[in-house]
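*Asks:* Before we start, here is the structure in question, set down as structure tokens.
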Ligand code: DQA
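Residue numbers (my numbering): 92 to 237.
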């Protein structure tokens, strides 16, 4: 099984950026832990601050990976282009947020990209990524059993 994590704008600053909201843990350290936790899954990682690069990556991986875990950052709330990209590919995507976007500002309560995703995980800190991967694994196992 092969899963692609895509992180959007400002998520390259995890551990430094607003630690009271996003935590103090460095992403690279967490990614190592994730890979160790799912030894049978190949977990690829991509981060970009640019909308077009995120779209290019969705196109690149969207037909042959088993799942995409997407934290689109603030583009979540603005990007019809990312929604269209998700709808253009066949790989299932789980929308992920580190924070509970429903507890924060009003503008974070609206996700433009959700209709292009199979599910949503948010509010569990970095653990949201693990939960999303588990959901994709369970989904794939269910599909195989059917
Ligand atoms: C975020 C929530 C977004 O509203 C914000 O713009 C981010 C991070 C999260 O992971 O909680 O950059 O996606």
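Ideal Cβ positions, reconstructed from N, Cα and C, are used throughout, including at glycine.
Figure out for me which residue from 197, 135, 144 has the closest Cα to the Cα of residue 48.
*Replies:* A question about residue 48 goes unanswered here, because the residues of the chain that appear run from 92 up to 237.
*Asks:* Using a threshold of 8 Å, state whether the C-beta atoms of residue 172 and residue 144 are closer than that.
*Replies:* The answer is no: Cβ separation not under 8 Å.
*Asks:* Bridge partners for residue 194 per DSSP, in chain order?
*Replies:* Looking at the DSSP assignment, residue 194 forms no beta bridge with any residue, so it has no partner.
*Asks:* Take every Cβ of the region 114–122, pair it with every Cβ of the region 97–106, and state whether three or more of those distances are shorter than 8 Å.
*Replies:* As far as the Cβ criterion goes, the region 114–122 touches the region 97–106, which means the pair count is three or higher.
*Asks:* Is residue 116 closer than 8 Å to residue 156 when the C-beta atoms are compared?
*Replies:* No.
*Asks:* Going by the C-beta, is residue 185 closer than 7 Å to any heavy atom of ligand 1?
*Replies:* No, since every heavy atom of ligand 1 falls outside the 7 Å radius drawn around the Cβ of residue 185.
*Asks:* Rounded to a whole number of angstroms, what is the C-alpha to C-alpha distance between residue 99 and residue 129?
*Replies:* In a straight line, the C-alpha of residue 99 is about 23 Å away from that of residue 129.
*Asks:* In chain order, which continuous runs of the alpha helix (DSSP H) of length 4 or greater are located wholly inside the region 163–219?
*Replies:* Complete alpha helix (DSSP H) runs here, min 4: 171–179.
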